[in-house]
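From first to last, the protein sequence lines are chains A and B.
My numbering puts the first residue of the first sequence at 576, with every later residue one more than the last.
My numbering puts the first residue of the second sequence at 16, with every later residue one more than the last.
Just so it is clear, CB atoms sit at the ideal spot from N, CA and C, and this is done for glycine as well.
It should be emphasised that the depicted structure is a prediction, and the values quoted were computed from it without experimental measurement.
The structure appears below as structure tokens.
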Amino acid sequence: EVHLLESGGGLVQPGGSLRLSCAASGLTFTNYALTWVRQAPGKGLEWVASISGGGDYTYHADSVKGRFTISRDISKSTLYLQMTSLEAGDTAVYYCAKRSGRNNGPHDYWGQGTLVTVSS
Amino acid sequence: DIQMTQSPSSLSASVGDRVTITCRASQGISSWLAWYQQKPEKAPKSLIYDASSLQGGVPSRFSGNGSGTDFTLTISRLQPEDFASYYCQQYNSFPLTFGGGTRVQIK
């Protein structure tokens, strides 16, 4: 069974940095694209970034471009989101999600999420 | 960017009711549309993909329809466990975009 487990969230000051991790199990890691989606308190879902199965293609939302970087470590079956220059508006639960294909497709499995709070 | 407009934003219904949620894309996305269910404090769960295909394990009372720009999610007979929020999402092109969500509440 596919399992995604996020970690690394917490309280950080504005302007600070944080790295989120998502450990994947129960799948052939390089066969699937992965995505970060976030949800601000009481708000809807917002796509943040996606990476292809081989890690050769990455895409970032305009709202995080230049500040966040998605990456994956095949040897550890782990997805990352490096977040810098954090702002109050980045406060959200961050979910990792698996896509059904190597480069695209819907998101068929989701992790439980990790909370990032940006506040002084 | 493709904008996804979902309606209504909330609705009240009773157990056994038929419920339909609409999602409209600002440009054609073929059938590259998914529906997700989210309960409070929980992660989203995949219900429908490719506009009308049921994800494994999802009850058959859920169905999806549409192509191009107009899509619907229908729950044929609402059950107590169906009271939740529902989101559509297009995966035709980046940036991936979600609808604003529909909250289904108990009448």
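Residue burial classification, residue i (beta-carbon count within 10 angstroms, cutoff 16)
i        : result
A:Leu586 : exposed
A:Ala615 : exposed
B:Gln52  : buried
A:Leu578 : Going by the sequence as given, residue 578 of chain A is His instead of Leu. So A:His578 ends up on the exposed side.
A:Arg594 : exposed
A:Leu629 : The sequence given here places Gly at residue 629 of chain A; Leu does not occur at that position. Exposed: under 16 other Cβ atoms inside 10 Å.
B:Asp97  : buried
Residue i - partner residues in DSSP beta bridges
i        : result
A:Trp611 : A:Ala624 and A:Cys671
B:Asp120 : The sequence as given places Gln at residue 120 of chain B; Asp does not occur at that position. DSSP, once it has assigned bridges, lists B:Ser27 as partnering B:Gln120.
B:Gln52  : B:Lys60 and B:Tyr101
A:Asp648 : A:Thr653
B:Phe113 : B:Gln104
B:Ser46  : Answer is none; B:Ser46 lacks a bridge partner.
B:Ser22  : B:Thr37
A:Asp631 : A:Asp631 is not bridged to any residue.
A:Thr689 : A:Tyr669
A:Ser695 : DSSP lists no partner for A:Ser695.
Option nearest residue i by Cα separation, candidates the options
i        : options                                   : result
A:Ala663 : A:Gln588, A:Leu580, A:Leu654 and A:Arg594 : A:Gln588
B:Arg33  : B:Asp16, B:Ser91 and B:Phe86              : B:Ser91
A:Gly617 : B:Gly115, B:Gln120, B:Ile121 and B:Thr84  : B:Gly115
B:Arg76  : B:Gln105, B:Ser108 and B:Thr35            : B:Thr35
A:Ala599 : A:Lys640, A:Ile649 and A:Ser660           : A:Ile649
B:Ile44  : B:Met19, B:Val119 and B:Val73             : B:Met19
Three-way DSSP call (helix, strand, coil) for residue i in this model
i        : result
A:Gly740 : Past the edges of chain A, shown from 576 to 695, lies residue 740 of chain A, and the structure says nothing about it.
B:Ile17  : coil
B:Ser91  : coil
B:Phe4   : No answer is possible for residue 4 of chain B: it lies beyond the span of chain B, which begins at 16 and ends at 122.
A:Thr605 : helix
For residue i, the first and last residue of its enclosing beta strand (DSSP E)
i        : result
A:Trp696 : With chain A covering only 576 through 695, there is no way to say anything about residue 696 of chain A.
B:Ala66  : That residue, B:Ala66, is in no beta strand (DSSP E); it is neither H nor E in DSSP.
A:Glu581 : His578 to Ser582
A:Ser600 : Leu593 to Ser600
B:Ile36  : Val34 to Ala40
A:Val639 : No beta strand (DSSP E) contains A:Val639, which DSSP labels as neither H nor E.
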